[in-house]
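One structure is given below, encoded as structure tokens.
Numbering (this note's numbering), first residue to last: -12 to 193.
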């Protein structure tokens, strides 16, 4: 199933600093470019840290090497929006420097950038559920069930052969970029999710 990757959302041409950049220069850059943080790069363009507004306010050190939070939390351009969102929440950061396969800075992505995914048009979300989920992932026809989308909320209605198919459809639809929630109105003909357990008794052996 196709997912939007960070390379398609990131801002390139990132404002960055080097370890020797002064406190005053960093503060000026943040103000001039209306940004909340800058990555700190070494001579090979590797991200060695990040200086944020919070770092500036917390302490008045002389240079970026003394101010920066390290090690830097970065993400690769080919990773998905969901990956970036989970990483931001887990590490409590507002932005992530984006690096290439050689760990060199190629862009930056913020929480605001990720929220843009949820502005995806309803018609596009519906098309993705039908094509990527029903047809490609589940090998069903695009009209196997009724798919409706309103403000990012997907409603699935209809009947499938097995309960496991209905469960999989809901789970996969929830992963489509731009989906806010999934409403499950699916029915099924056969419940194949119930596991029957048998207890082995040694006395049964003759």
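Cβ atoms here follow ideal geometry from the backbone N, Cα and C, with glycine treated the same way.
I want to check one thing, is the minimum distance from the CB of residue i to the heavy atoms of the ligand ZN below 6 Å?
i: residue 145; result: The ligand ZN is not part of the structure shown, which contains no ligands of any sort.
I'd like the span of the beta strand (DSSP E) that includes residue i, first residue to last.
i: residue 149; result: 140 to 149
i: residue 94; result: 92 to 97
i: residue 136; result: 133 to 137
Give me the DSSP bridge partner(s) of residue i.
i: residue 38; result: 25
i: residue 62; result: 85
i: residue 9; result: 50
i: residue 57; result: Partner(s): none; residue 57 has no beta bridge.
i: residue 171; result: 143
For a quick check, are the C-beta atoms of residue i and residue j less than 7 Å apart?
i: residue 175; j: residue 143; result: no
i: residue 3; j: residue 37; result: no
i: residue 85; j: residue 64; result: yes
i: residue 101; j: residue 79; result: no
i: residue 27; j: residue 55; result: yes
Which of the three DSSP states, helix, strand or coil, is assigned to residue i?
i: residue 177; result: strand
i: residue 100; result: helix
i: residue 78; result: helix
Which residue's Cα is closest to the Cα of residue i: the options?
i: residue 35; options: 41, 53, 125, -5; result: 53
i: residue 29; options: 5, 14, 126; result: 5
i: residue 105; options: 88, 91, 94, 136; result: 136
i: residue 93; options: 108, 81, -10, -5; result: -5
i: residue 7; options: 32, 50, 46; result: 50
I need the boundaries of the alpha helix (DSSP H) containing residue i, first residue and last residue.
i: residue 130; result: No alpha helix (DSSP H) contains residue 130, which DSSP labels as neither H nor E.
i: residue 162; result: From DSSP, residue 162 is part of no alpha helix (DSSP H); its letter is neither H nor E.
i: residue 115; result: 109 to 115
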